[in-house]
Amino acid sequence: MDFVFKKKNFTLLFVGIAFILSGLILMIGGGSEDPTKFSDEIFNFQRLTLAPILIAIGFIIEFFAIMLVTKSEEEKK
Numbered sequence: 048m049d050f051v052f053k054k055k056n057f058t059l060l061f062v063g064i065a066f067i068l069s070g071l072i073l074m075i076g077g078g079s080e081d082p083t084k085f086s087d088e089i090f091n092f093q094r095l096t097l098a099p100i101l102i103a104i105g106f107i108i109e110f111f112a113i114m115l116v117t118k119s120e121e122e123k124k
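Using our numbering, the letters of the sequence shown map in sequence onto residues 48 to 124.
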């Protein structure tokens, strides 16, 4: 049975998903325990810069994982 994606495509796909999930996990938190007080922790480097960069890298990896054409064993012969 031939699949459209090969092992390398799936590997890149899972790596991209890992980057996206790690970026989303880094965005969690930063809220104030007391709802009447504002917390400046939501504006730190981790949530404003690092997490979106990881998510963007993840989507770029996903794009390449989908677009990558790998030769099958039959085409190599």
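Glycine residues also receive a C-beta, built at the ideal position from the N, C-alpha and C atoms.
- Around Glu109, the same chain offers Gly63 as residues with beta carbons nearer than 6 Å, after the five sequence neighbours per side are excluded.
- The Cβ-Cβ distance between Phe66 and Ile104 falls below 7 Å.
- DSSP places Phe85 in the coil class of the three-state scheme, outside both helix and strand.
- For a cut-off of 8 Å, the C-beta gap from Leu59 to Ala112 is around 4 Å, short enough to register as a contact.
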